[in-house]
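J.: In the working numbering, the protein residues as written are 1 to 486.
Structure in structure tokens, see below.
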């Protein structure tokens with residue numbers, strides 16, 4: 001029954017904001033859709049944020065408007081937050097903390113954050129899930145799944161754009177956000193990947209004070225990255241900071257295959273020594289080795305203007321129908337990408353570039369890969385940060401040396417050494433067993449078993465031949481009898 005009421009409310013909001021009229025002639029369609037999603041609540045806001053990255057699915061004006069969605073909601077009662085902390089961690093608040101600020105410093109759709117202090121004087125941030133958020137998420141995701149299934153069944157573009165898989169990807173990330181132990185593990189993994197890094201700081205996690213609905217981590221102090229003038233006043237090298245952001249992103253994607261997928265300005269601080277500080281690890285992206293190699297080859301081919309290689313990589317990955325002509329696909333990619341080279345970041349708009357690339361993809365029936373949706377979103381975040389910090393940043397020249405070095409480590413002699421080092425423990429465990437394994441293989445009478453099987457097969461064939469001969473003889477006798485009677 002609650003789902004029916006929710007569906008009724010969604011329909012009412014749709015009528016209120018005239019969502020039936022999203023035609024290209026309407027100059028207010030993007031704003032109306034954004035306001036409708038904000039009215040429907042935080043889960044729809046989050047889905048709108050993800051949808052804004054699907055510029056293959058949306059017109060540019062709607063995608064730009066959805067990108068403005070802010071995941072900011074009023075905080076819930078501090079008494080409820082305290083009760084959840086005590087219930088989850090099994091102790092009274094004064095036993096857990098020497099101090100606990102009742103006023104939250106941040107509030108979003110899934111959780112809110114309070115500041116506190118441990119008994120040893122350590123300053124911490126305490127993240128607490130909203131009461132009842134799991135049920136609200138399950139209800140709204142079920143409705144999104146229903147809508148995606150209908151779109152895939154009845155919409156001509158549905159099969160190529162895979163809306164059900166996009167919703168499934170969205171649901172998976174929401175599910176991870178609802179388990180703060182997972183977020184703590186994400187923070188721990190990212191921190192381990194950047195241990196001792198001169199570029200990125202990640203807060204430490206206090207595992208004894210973490211549970212599914214409560215997470216306690218180190219409090220980080222820094223300047224919000226959006227406050228560029230304040231950073232300049234602190235003596236931060238802004239162009240160097242912009243380049244470091246690009247390097248951090250490519251390091252996470254290509255070296256680790258594990259990247260922060262929610263890099264909006266609210267989740268990034270800058271320490272006084274110029275290092276980035278990452279916050280909020282609920283949404284992380286992961287790439288397989290196949291994904292990383294595909295992306296690296298395409299980026300390098302793109303930077304080198306080798307559009308034939310880009311087209312061939314799509315064909316090799318199976319993202320383009322087998323009968324597609326490489327030369328036609330290459331020419332279409334060249335027409336999109338060539339005009340943007342030798343331009344500073346201020347003159348390059350990834351939104352427009354992605355839109356044209358997706359229009360080209362649609363013409364050639366390229367299948368959109370849902371596992372890269374988070375990466376697309378992060379690329380747009382990187383663009384926004386880079387443009388705000390240093391409009392003159394040359395993204396191509398900043399990224400190209402890193403990718404070339406990474407490719408050299410993967411396929412060159414460094415890659416061979418790395419692979420041998422990775423496999424050495426397995427070889428060390430297997431080599432002492434080789435004599436015993438060889439002796440066992442020689443001792444086993446495998447040829448004897450094969451010979452026995454062949455003998456059985458030959459006997460069966462001989463029996464069939466005898467039956468056939470008897471049948472032929474019987475037929476001959478019958479024919480002879482019939483001939484005599486005639």
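Note that CB positions come from ideal geometry on N, CA and C, so glycine has one too.
#1: So the candidates are 213, 382 and 404; which of them puts its Cα closest to the Cα of residue 255?
#2: Span of the alpha helix (DSSP H) holding residue 277?
#3: Between which two residues does the alpha helix (DSSP H) harbouring residue 20 extend?
#4: Residues in the same chain with beta-carbon distance under 8 Å from residue 257, minus the five sequence neighbours each way, listed in chain order, please.
#5: Tell me which residue opens and which closes the alpha helix (DSSP H) that residue 308 is part of.
#6: Give every residue of the same chain whose Cβ lies closer than 7 Å to the Cβ of residue 206, excluding the five residues on either side of it in the sequence, and list them in chain order.
#7: Return the residue from the list 187, 49, 73 and 21 that minimises the CA-CA distance to residue 63.
#8: Just to confirm my understanding: we take residue 360, look at its own chain, exclude 5 residues before and 5 after, and list those with CB closer than 7 Å. What are they?
#9: Using the C-alpha atoms, what's the distance from residue 253 back to residue 189?
#10: What does a CB cutoff of less than 6 Å around residue 131 pick up in its chain, not counting 5 residues either side in sequence?
#11: Cα-Cα, which of 305, 300, 302 and 365 is closest to residue 324?
#12: According to DSSP, is residue 212 part of a helix, a strand, or is it coil?
#13: Would DSSP call residue 118 helix, strand or coil?
#14: For residue 224, which residues does DSSP report across the bridge?
#15: Considering only residues of the same chain and omitting the five flanking positions on each side of residue 101, which have a CB-CB separation below 6 Å?
#16: Taking all protein chains shown into account, decide if residue 68 is buried (16 or more other Cβ within 10 angstroms of its Cβ) or exposed.
#17: Whole angstroms is fine: what's the gap from residue 180's alpha carbon to residue 212's?
#18: Excluding the 5 residues flanking residue 230 on each side, which residues of the same chain have their C-beta closer than 6 Å to its C-beta?
#19: Between which residues of its own chain and residue 385 is the CB-CB distance below 8 Å, once the five residues before and five after are set aside?
#20: Here's a check: name, in chain order, each residue in its chain whose Cβ is nearer than 7 Å to the Cβ of residue 99, leaving out the five neighbours to either side.
#21: Quick one: grab the DSSP three-state call for residue 392.
#22: Quick check on the burial criterion: 16 or more other C-beta atoms within 10 angstroms. Buried or exposed for residue 463?
#23: Can you tell me where the alpha helix (DSSP H) holding residue 68 begins and where it ends?
#24: Note down the Cα distance separating residue 303 from residue 400, rounded to an integer number of angstroms.
T.: Let me spell this out:
#1: 404
#2: First-last for residue 277: 276-278, but that is the beta strand (DSSP E), not the alpha helix (DSSP H).
#3: Segment: none, residue 20 is in no alpha helix (DSSP H) and carries neither H nor E.
#4: 286, 287, 288, 289, 291 and 292
#5: 307-316
#6: 124, 216 and 217
#7: 49
#8: 332, 333 and 336
#9: 14 Å
#10: 80
#11: 365
#12: coil
#13: coil
#14: 269
#15: 114 and 115
#16: exposed
#17: 5 Å
#18: 223
#19: 225, 242, 245, 263, 265 and 268
#20: 116 and 117
#21: coil
#22: exposed
#23: Where residue 68 is concerned, there is no enclosing alpha helix (DSSP H), given that its DSSP letter is neither H nor E.
#24: 7 Å
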